[in-house]
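Enquirer:
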Amino acid sequence: MKLISLNIWGGTLYEPLMAFVKQHAKDADIFCFQEVFDTPTDRTAMEYGTAHPNMRRELVNALPDFQHFYAPCQDGFQFGPGSPLADFTVTLGLAIFVRKPISVLASGDEFVLGERNSYVVGKWETLPRDVQYVTLDNGHGPLTICNFHGVVDKESGKRDSELLLRQSKNLLAVMEKFKEPHMVIGDFNLRPETESIALFERAGYHNLIRERGITLTRTSHYSGAKEFHDYVSDYAFVSRDIHVSDFRVLPDEVSDHLALALEFEL
């Protein structure tokens, strides 16, 4: 199976992003997307920035051969000065797309920090964080894929803090519930040398970023460009009963993150 994970930056680089998605829809089995906005309105723009509030719908339209699952964490959130709430109906969340006819046995999400709509305007660290999951039957038994977007702790600079350590411990507690082969992939907003990352390795997961020697998952669009030459924010942690045949970072600059591409089998 082939999985692609990408923080889509709210669709800020809309045209290259959609071209990328359609290209990889030809051979990918699963997409895990972070920073996905959704709205039932006809709005195609936010008050601030260039994010697209209807990205979930756009992705559904671009991926007609896929089942889709959406896990919102905050209503009304938008990028911008002080990160104010929008004045129209919009949600921020995670999305997983699974190629038809792969059987989806279960789906859902669990919060690891806060709860839905617990964001305090202007305080990024309060934006609630959930982990989304789907359990699949690919013909060789059940397999669970978890999609995650970690909290932004600006004071710590993505290095260890009480908040980030609590997030990792809470996420691991969710992961321990899955007895079948499983993985978690996404944008963790953590530096690779942190204890918050080491916790997953000590719990027995393969850290594919470290094992494959990857040192960059951000693009030139990243606001912290001064660290662009050596910056990792995205990870894949895989249980040891999954055989990984290929793992790499794709070069396409369609967001402020690079996409992770993972090929595996049970």
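Quick note on my numbering: the sequence shown kicks off at 1 and runs consecutively. Note that beta-carbon positions come from the ideal geometry of N, C-alpha and C, so glycine has one too.
1) Evaluate Asn138 with the Cβ neighbour count: other Cβ atoms within 10 Å of its Cβ, from every protein chain shown; 16 or more gives buried, anything less gives exposed.
2) From Phe264 to Tyr205, what does the alpha carbon distance come to, in whole angstroms?
3) Which full runs of the beta strand (DSSP E) of 3+ residues lie inside the segment 170-231, going along the chain?
4) Tell me whether Asn147 sits in a helix, a strand or coil according to DSSP, three-state version.
5) What residue range does the alpha helix (DSSP H) around Lys2 cover?
6) Whose C-beta lies closer than 6 Å to the C-beta of Glu195 among residues of the same chain, with five residues either side of it excluded?
7) Would Met18 and Val36 qualify as a contact pair, given that the criterion is a beta-carbon distance under 8 Å?
8) Pro181 CB to nearest chain B CB: under 8 Å?
9) Within the same chain, show all residues whose beta-carbon is closer than 7 Å to that of Ser103, passing over the 5 residues directly before and after it, in chain order.
10) Output yes or no for whether 8 Å exceeds the beta carbon distance between Gln74 and Arg116.
11) Between Phe66, Asp87 and Val121, which lies nearest to Ala95 when the distance is taken from Cα to Cα?
12) To the nearest whole angstrom, what separates the beta carbons of Lys158 and Leu199, a pair I think is in contact under 8 Å?
Expert: Looking at the coordinates:
1) exposed
2) 15 Å
3) 182-187
4) strand
5) First-last for Lys2: Lys2 to Asn7, but that is the beta strand (DSSP E), not the alpha helix (DSSP H).
6) Asp160
7) no
8) Among the chains of the structure shown, chain B does not appear; only one protein chain is present.
9) Leu136 and Asp137
10) yes
11) Phe66
12) At roughly 15 Å, the Cβ-Cβ gap does not stay under 8 Å, so Lys158 and Leu199 are not in contact.
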